[in-house]
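Residue numbers for the sequence shown follow this note's numbering, so the first one is 128 and each next one is one higher. Positions of the beta carbon are idealized from the N, C-alpha and C atoms, including for glycine.
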Amino acid sequence: MAKTAQKIQLSASRDIPFNKLVLSQSNVRRIKAGVSIEELAEDIARRTLLQSITVRPVLDENGAETGMFEIPAGGRRYRALELLVKQKRLARNAPIPCVVRTEGTPEEDSLAENIQRAPLHPLDQFRAFLALREKGQSEEEIAAAFFVSVAVVKQRLRLASVSPKLLDIYAEDGMTLDQLMGFTVSSDHERQEQVWEAIQRSYNKEAYQIRRLLTEGAVRASDKRAQYVGEDYIAAGGAVMRDLFQNDDGGWLQDVGLLDRLVAEKLERDAQAIRAEGWKWVEVATDFPYGHTYGLRHISGERQPLTDEETATLDALRTEAEQLEEAHADADEIPEEVDRRLGEIETAIAAIEERPVSYDPVEIARAGAFVSIDGSGRLRVERGYGRPEDEASLIEPDVPDQENEKETSASPSSALAASKAVAPNGGAVQSEPAEDEDEGLRPLPDKLLTELTAYRTLALREAVGNDPSVAFLAALHVFCLKLFYHYGSDSCLEIEPKSVAFGAQAPGLGDMPLATKVDARHHDWSQLLPADPGDLWDALTTFDAKTQQCLFAHCVSLTVNAVHEAWSRRPRTIAHADRLAHVLSLDIAATGWTPTVDNFFGRVTKARIIEAVREAKGAEQAKRIEQLKKGDLAREAEQMLAGSGWLPEPLRTPGRALHRSETASVSDHVESTVEDTAAIERETAIDEIVDESDAGDASVDEPQDVAAE
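The structure is reproduced here in structure tokens:
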């Protein structure tokens, strides 16, 4: 006869008053983990106790039960109940559901309960949150019920909204949680599945690669176009992709066509307000190439003076800022409210100091303005630029009129400015005046005038050649005439400085910090120079030697042209640019340039990308990515070389190491704007520009004795 299997008998369960329970020293859990006691107590108060507590009878010396029970497993639940009792939310003798164990040992009970407990799979948690949401609970209610932040609830709901096909792969451990997070950027299930298939054939399966593929063709919210239109894009129904698991700078705008249309419409509305000011022309574009104002005369408007009320407000704000800074000078960290107030004061001061500029109505009628968007997404208006074709009325004729001719005929110095004598047949009179023609002084013949001035030119050359200071001033004078006035011809020096207009350039060059710095310095100098080129010489003579040198350096800098152009081979010019860079110890990496997909990696061959990684990171890292496709390789290289200081050959300076850890400082541009009419303010601004140049010199490293590569 077959033997009957013995049936399993479960431990008895009973309700035991809370005051009859004590903690056991046999609990194997010693390290705190998971939900806090306070949160567990609140959960018990909300849902009551969902799991019984395992207990053992406490025996006396004779082995008899004492009526007390110890808890080898369930200590956290006991402490949560104890907290509720202390808060008088639970009676001390409240019945607690318990499982009474007598077999085995307490340590075995505690260990088994903790080891045999299977943690909830993250996907089950995501789907549970989604189920609660679908049953009508808000994200705030779910967060309150499970003691998590609303942001955590949003993240888990977003994870649960990924394509069901991909969720099944994640459930089977075919995908990491980081990868699943990457897919939450897009809500398009079909696109998510396409990207998953694509990365299966790729070496790079990282989460950032998934995000890149899902956001291809979209526009970053940090793009200046997106910042310019602001909420208009959202109001128009434009879709935005967001990443809830890392900083996404506002996400990605998906409808690029809608974005461009909104930008164009808003730019046109803003341009209408500029046209209403009366400018002869207004050009509108999202972006203008750097150097678009070269060759144009810039009108120097006058800023409206501060009112007494504005001056008093400005003084009060500055005094308050000084007091706050002094009061917290010794503090390790400025309090948040103080820091916020200092920011408000700084903004208020800037709003007062940035007074509107007024222009002469006559100048407005023959000049124009450029309307675009700057790198931070704000409207950029460049007013007061005169085109050469609009400057005809400003250029004085070389031939004096009849009235002036009469005046010069009575002056001993009239010979240098006399007009030609004209014969009846229309030709110039070449013969000397007849001996009997002694009625008054007649203009000198052209031939004689040429001979005399030729000798004077030779004498000037000799004198200038022996006086370096005057030679320097004369060169500075002609430089300023050509580079600041453009139509100025008030110099006898045959020097023609040219400023490269950057016909071909990288996109966004005008928004680079270097462009802002150069333009600001040029603007500050232009504000210090007189409006009339005829007054320039006298103004330059009032500058001290150091100021003249700084202005001369700026003028020379504008003539530098180290641009490679396919149609113009200039190997010696480029070689000289290398020498100049070496002397200055120029470090392009320190100026803020870094290789990206847009400015380098996406426009060269795979071999060059791999070579760049090899130079910056070593052969092992280059080998690791060499099997990637071109697009993936370019993006991977951008990530790997970020902050490395690596530069392509055209940007390297001979004599400098390829990599460097130090960063050369870039001096700030002159911030003050000085009015020409105030002599004291003008001298102050000159000093600031000179100090600026000194700071720039100090930041340049000495040439290094490193072999050129």
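Legend entry - Alpha-carbon to alpha-carbon, Q133 and S140: Going from the Cα of S140 to the Cα of Q133 covers about 21 Å.
Legend entry - Cβ-based burial, G309 [other Cβ within 10 Å; buried from 16]: buried
Legend entry - Residues near T790 by beta carbon distance below 7 Å, same chain, minus five either side: With a pLDDT of only 33 at T790, under 50, the local geometry of the prediction cannot be trusted, and the value read off the model is given with reservation. Cβ neighbours of T790 beyond the five flanking positions: A717.
Inset, instruction - Tell me, please, which residues DSSP counts as bridged to D142. - result: P224
Inset, instruction - With DSSP collapsed to three states, give me the class of S349. - result: coil
Legend entry - Identity of the residue in L571, R648, L663 nearest S618 by Cα: Among L571, R648, L663, the Cα nearest to that of S618 is on L663.
Inset, instruction - Please indicate yes or no: does the CB of F727 lie closer than 7 Å to some heavy atom of the ligand HEM? - result: Inclusion of the ligand HEM in the displayed structure is not the case, the ligand content being empty and no account of it being possible.
Legend entry - Sub-8 Å separation of V346 and V383 beta-carbons: yes
Legend entry - Spatially closest choice to Q654 from S684, A680, V484, by CA coordinates: V484
Legend entry - Alpha-carbon to alpha-carbon, W379 and V390: 16 Å
Legend entry - Rounded straight-line distance, which links the Cα of T686 to that of P624: Rounded to whole angstroms, the separation of the alpha carbons of T686 and P624 is 6 Å.
Inset, instruction - Write down every uninterrupted run of the alpha helix (DSSP H) in the stretch 645–682 whose length is 4 residues or greater and which is fully enclosed by it, in chain order. - result: 663–668
Legend entry - Beta-carbon proximity of T303 to L286, cut-off 8 Å: no
Legend entry - Sufficient close CB pairs (3 or more, under 8 Å) joining the stretch 734–748 to the stretch 702–714: no
Inset, instruction - State the Cα-Cα distance for the pair N331 and R338, rounded to the nearest angstrom. - result: 12 Å
Legend entry - For A278 and A270, the rounded distance between their alpha carbons: 9 Å
Legend entry - Cβ neighbours of L79 in the same chain (closer than 6 Å, five flanking residues each side left out): Beyond the ends of the chain as shown, which are 128 and 836, falls residue 79; an answer cannot be given.
Inset, instruction - Within 10 angstroms of the Cβ of Y355, are there 16 or more other Cβ atoms? Answer buried if so, exposed if not. - result: So Y355 ends up on the buried side.
Inset, instruction - Report yes if the CB atom of F196 is closer than 8 Å to the CB atom of R216, and no otherwise. - result: Between F196 and R216, the CB-CB gap reaches or exceeds 8 Å.
Legend entry - Top-ranked residue by Cα proximity to L656, from R174, G428, P224: Nearest to L656 by C-alpha distance, out of R174, G428, P224, is G428.
Legend entry - Under 8 Å between C-beta atoms of P224 and L176: With respect to the 8 Å criterion, P224 and L176 are classified as neighbours on the basis of their beta carbons.
Legend entry - P199 (DSSP reduced to helix, strand or coil): strand
Inset, instruction - Could you pull out every residue in the same chain whose Cβ sits closer than 6 Å to the Cβ of V411, ignoring the five residues on either side in sequence? - result: L394, A398, V498
Inset, instruction - Could you tell me the distance, in whole angstroms, from the CA atom of G592 to the CA atom of L608? - result: 21 Å
Legend entry - 3 or more residues per run - each beta strand (DSSP E) lying fully within the stretch 473–510: 495–500
Inset, instruction - Using 10 angstroms around the beta-carbon of V489, count the other beta-carbons present and answer buried if the total reaches 16, otherwise exposed. - result: Within 10 angstroms of the beta-carbon of V489 lie fewer than 16 other beta-carbons, which makes it exposed.
Legend entry - Boundaries (first-last residue) of the beta strand (DSSP E) holding P184: 180–186
Inset, instruction - Determine the contact status of G513 and V409, defining contact as a CB-CB distance below 8 Å. - result: no
Legend entry - Buried versus exposed call for P199 [16 or more other C-beta atoms within 10 Å across all chains shown]: buried
Legend entry - Under the three-state DSSP convention, the category Q133 falls into: coil
Legend entry - 6 Å CB neighbourhood of D187 in its chain, flanking five on each side removed: T193
Inset, instruction - With a threshold of 16 other CB atoms inside 10 Å of the CB of R493, please say whether the residue is buried or exposed. - result: buried
Inset, instruction - Report the rounded CA-to-CA distance for N146 versus I171, giving the unit in angstroms. - result: Answer to the nearest angstrom: the Cα atoms are 18 Å apart.
Legend entry - Residue of D665, I472, D435 minimising C-alpha distance to L444: Looking from the CA of L444, the closest CA among D665, I472, D435 belongs to I472.
Legend entry - CB of P722 within 8 Å of CB of P775, strictly: One thing to note: P722 has its Cβ within 8 Å of the Cβ of P775.
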